[in-house]
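Chemist: Heads up: the sequence lines are chains L and B, in that order. Heads up: the first sequence is residues 1167 to 1379, going by this note's numbering. Heads up: the second sequence is residues 1167 to 1379, going by this note's numbering.
There are 2 protein chains.
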Amino acid sequence: MENLTSKQKNVFSYITKHTNKEGIPPTLDEIAVNFNYKSINAVRDHLRLIAKKGYIKVHPGKSRGIQVLKSLNSMRPEQLSCHDQIPIIGKIAAGAPIFVNQEAEDHLKVPTGFLGSGEYFALQVTGDSMKNININTGDIAIIRHQITVDNGEVAAVILENEATLKRFFKFTDRVELQSENPDFPDIVIPKSDYSHIRIAGKLAGLLTRKIDA
Amino acid sequence: MENLTSKQKNVFSYITKHTNKEGIPPTLDEIAVNFNYKSINAVRDHLRLIAKKGYIKVHPGKSRGIQVLKSLNSMRPEQLSCHDQIPIIGKIAAGAPIFVNQEAEDHLKVPTGFLGSGEYFALQVTGDSMKNININTGDIAIIRHQITVDNGEVAAVILENEATLKRFFKFTDRVELQSENPDFPDIVIPKSDYSHIRIAGKLAGLLTRKIDA
DNA sequence: TTGCGTACTGTATATAATTACAGTATATAA
DNA sequence: TTATATACTGTAATTATATACAGTACGCAA
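(1) Distance cutoff 8 Å, beta carbons only. Does R1214 of chain B sit that close to anything in chain L?
(2) Using a Cβ-Cβ cutoff of less than 7 Å, which residues in the same chain neighbour I1324 of chain B once the five nearest sequence positions on both sides are dropped?
(3) Could you check whether V1315 of chain L and K1368 of chain L sit closer than 8 Å to each other, using their CB atoms as the reference points?
(4) Nearest chain L C-beta to A1370 of chain B closer than 8 Å, yes or no?
(5) Go ahead and label L1289 of chain B buried or exposed: buried means 16 or more other beta carbons lie within 10 angstroms of its beta carbon, across all protein chains shown.
(6) Would DSSP call I1163 of chain L helix, strand or coil?
(7) What do you reckon, are the CB atoms on V1177 of chain B and H1212 of chain B nearer than 8 Å?
(8) So with CB distances below 7 Å, who are the chain L contacts of Q1233 of chain B?
(9) Can you grab the Cα-Cα spacing for the pair S1240 of chain B / F1280 of chain B, in whole Å?
(10) Taking only beta-carbon positions, decide if Q1268 of chain L is within less than 8 Å of chain B.
(11) Are three or more beta carbon pairs between the stretch 1291-1305 of chain L and the stretch 1343-1350 of chain L nearer than 8 Å?
(12) Check whether the Cβ of K1228 of chain L lies closer than 8 Å to any Cβ atom in chain B.
(13) For chain L, check one thing: does any of its Cβ atoms lie closer than 8 Å to the Cβ of H1225 of chain B?
(14) Taking buried to mean at least 16 other C-beta atoms within 10 Å of its own C-beta, is F1334 of chain L buried or exposed?
(15) With a CB to CB cut of under 6 Å and the five nearest residues on each side skipped, what residues in its chain are close to I1306 of chain B?
(16) Count the other CB atoms, across all protein chains shown, that sit within 10 Å of the CB of K1376 of chain B; report buried if there are 16 or more and exposed otherwise.
(17) Would you decide whether L1235 of chain B is buried or exposed? Buried here means 16 or more other CB atoms lie within 10 Å of its CB.
(18) Per DSSP, what kind of secondary structure is Y1360 of chain L in: helix, strand or coil?
(19) Taking one C-beta from the stretch 1169-1176 of chain L and one from the stretch 1199-1217 of chain L each time, how about it: are there three or more such pairs within less than 8 Å?
(20) Expressed to the nearest angstrom, what Euclidean distance is found between the alpha-carbon atoms of A1259 of chain B and A1329 of chain B?
(21) Is the Cβ-Cβ distance between K1332 of chain B and I1309 of chain B less than 8 Å?
(22) Please name the residue or residues paired with K1376 of chain B in a DSSP beta bridge.
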């Protein structure tokens, strides 16, 4: 990750502040006025370089087309990966297809470096099938997107357009999805039905409410 | 808080999704195209009403001047307040004064409505003293700022400039801070030492990494 | 029925904002 | 020295976008 020059940092900082404060990104002219540039081409030059270094994305031809991709916090050198924004794309065990055409309802932001590298998304948990490992209704499960998981790992699995969070075991002839709650039976999927299931990812984190504690 | 009509809700939803996805709010025309409106004045009418109901703010004369003020989730009637950004202001049980002049190291963003109303901050947990209730090193404890807690609640307590997370019990002559781990002894504070302790808040949530699961 | 708010269409105009082209100045590395 | 990248100025053209005005249609409450 290349570093910004101090001028670029100032411009980038102004863009993020404007976007957060006003709700809309600034125009080139607004940036120019802020920094007393006589020509907006000074701004264009800056934007080009800031974008090249990956901090923003510029949408050509679109007004205010400056999309902030990183936060200033993520510039700390000791942090390798960053994923502030984790989209919450639905409820798990609540009947809705995932991934395809997913529009995020809301977002979660975790501290830089809290999770490892990878693609993450989040699902709100409904049901008690994993209560023995302290995952309960209302919690938000953070899932690392991966298409396989190791035996025994907790995975978000999609079966028949429903997403469920289960402990995953693959045997030679079947897949077993085990609950962490004796009230819920294990789900056994014979090899012939593999085409109906899909692994969405692996449980990577959990956001819990502590109302009782 | 007035409710949106279903059409308005659709338009509002499109605006929030566009803003989150593209990083910039949509233009009137982009909205019109999305909903197959032949005239952007249909959009203008919608925006006027959505803004009137407080969901967005329209910046007149500015392109893409649609600022989202609420999230769709906050429309659930049972949710009163929202607080996306929770500052992480230090480590708990790690010797550092809290609250005064606290500069946040990083921020946490939880879904709107996930927590109740109140002032929140977060602390990174070090140590295993609460492992029995699944709070472990590296987790991030979300604390609701309050100066008293009820008996038995888990509280962030400051003693001698160190913050600790303990189960709080107040008796007539003493305060006991109990760990949720038999390896750690309870801390007993006699009435005469009350001036040395302070309640920072009550445990409200927990963000956990699930590396093992 | 009348009136009112929501939900649109259509066209024309004004202005907001980006792009293009042609430069200058100042560092810093080869 | 000669590049090469950053950091700007200036003007003109073009396109993107919002606004203004004039309507139509429908449901709903008085």
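Ideal Cβ placement from N, Cα and C applies to all residues, glycine included. Predicted model only: the values in this text are computed from it and were never measured.
Modeler: Once the coordinates are examined:
(1) For this step, residue 1214 of chain B is matched to residue 48 along the second sequence. Residue contact check for R1214 of chain B against chain L: no CB pair falls below 8 Å.
(2) Here residue 1324 of chain B corresponds to residue number 158 of the second sequence, with the count starting at 1. I1264, I1363, R1364 and A1366, listed in sequence order.
(3) In the first sequence, the residue the question calls residue 1368 of chain L occupies position 202. In the first sequence, the residue the question calls residue 1315 of chain L occupies position 149. Going by C-beta atoms, K1368 of chain L is nearer than 8 Å to V1315 of chain L.
(4) Indexing the second sequence from 1 puts residue 1370 of chain B at position 204. Yes, A1370 of chain B lies at the interface with chain L (some Cβ there is under 8 Å from its Cβ).
(5) The residue you call residue 1289 of chain B lines up with position 123 of the second sequence. With 16 or more Cβ atoms within 10 Å of its Cβ, L1289 of chain B is classed as buried.
(6) The requested residue 1163 of chain L does not occur in the structure, where chain L is confined to residues 1167 to 1379.
(7) Locating residue 1177 of chain B in the second sequence gives position 11, where the first residue counts as 1. Locating residue 1212 of chain B in the second sequence gives position 46, where the first residue counts as 1. Yes, they are a contact pair.
(8) Taking the second sequence and counting its residues from 1, the one referred to as residue 1233 of chain B is at position 67. Those within 7 Å of Q1233 of chain B in chain L are E1188, G1189 and I1190.
(9) For the purposes of this step, residue 1240 of chain B is taken as the residue at position 74 of the second sequence. For the purposes of this step, residue 1280 of chain B is taken as the residue at position 114 of the second sequence. With a pLDDT of only 38 at S1240 of chain B, under 50, the local geometry of the prediction cannot be trusted, and the value read off the model is given with reservation. Cα to Cα, S1240 of chain B sits roughly 10 Å from F1280 of chain B.
(10) Along the first sequence, one-based indexing puts residue 1268 of chain L at 102. In this prediction, Q1268 of chain L scores a pLDDT of 38, lower than 50, which makes its location untrustworthy; no coordinate-derived value is stated.
(11) yes
(12) Your numbering for residue 1228 of chain L matches position 62 in the first sequence. It does: the Cβ of K1228 of chain L has a partner Cβ on chain B nearer than 8 Å.
(13) The count along the second sequence starts at 1 and reaches residue 1225 of chain B at position 59. Chain L has a Cβ within less than 8 Å of the Cβ of H1225 of chain B.
(14) Start at 1 with the first residue of the first sequence, and residue 1334 of chain L comes out as number 168. F1334 of chain L should be labelled buried.
(15) Taking the second sequence and counting its residues from 1, one reaches residue 1306 of chain B at position 140. Closer than 6 Å at the Cβ level, and outside the excluded window around I1306 of chain B, lie A1288, Q1290 and L1373.
(16) Residue mapping note: residue 1376 of chain B aligns to position 210 of the second sequence, counting from 1. K1376 of chain B should be labelled buried.
(17) On the second sequence, residue 1235 of chain B is found 69 positions in, with the first residue counted as 1. Label assigned to L1235 of chain B: exposed.
(18) Taking the first residue of the first sequence as 1, we reach residue 1360 of chain L at position 194. Three-state result, Y1360 of chain L: helix.
(19) yes
(20) For the purposes of this step, residue 1259 of chain B is taken as residue 93 along the second sequence, with counting starting at 1. For the purposes of this step, residue 1329 of chain B is taken as residue 163 along the second sequence, with counting starting at 1. Note on A1259 of chain B: pLDDT 47, under 50, position unreliable in the model; the coordinate value appears next. Straight-line spacing of the CA atoms in A1259 of chain B and A1329 of chain B works out to 5 Å.
(21) Working through the second sequence from its first residue, we reach residue 1332 of chain B at position 166. Working through the second sequence from its first residue, we reach residue 1309 of chain B at position 143. No; because the gap between Cβ atoms is not below 8 Å, this pair is not in contact.
(22) Sequence index remark: in the second sequence, residue 1376 of chain B carries index 210 (1-based). Beta-bridge pairing links K1376 of chain B to no other residue.
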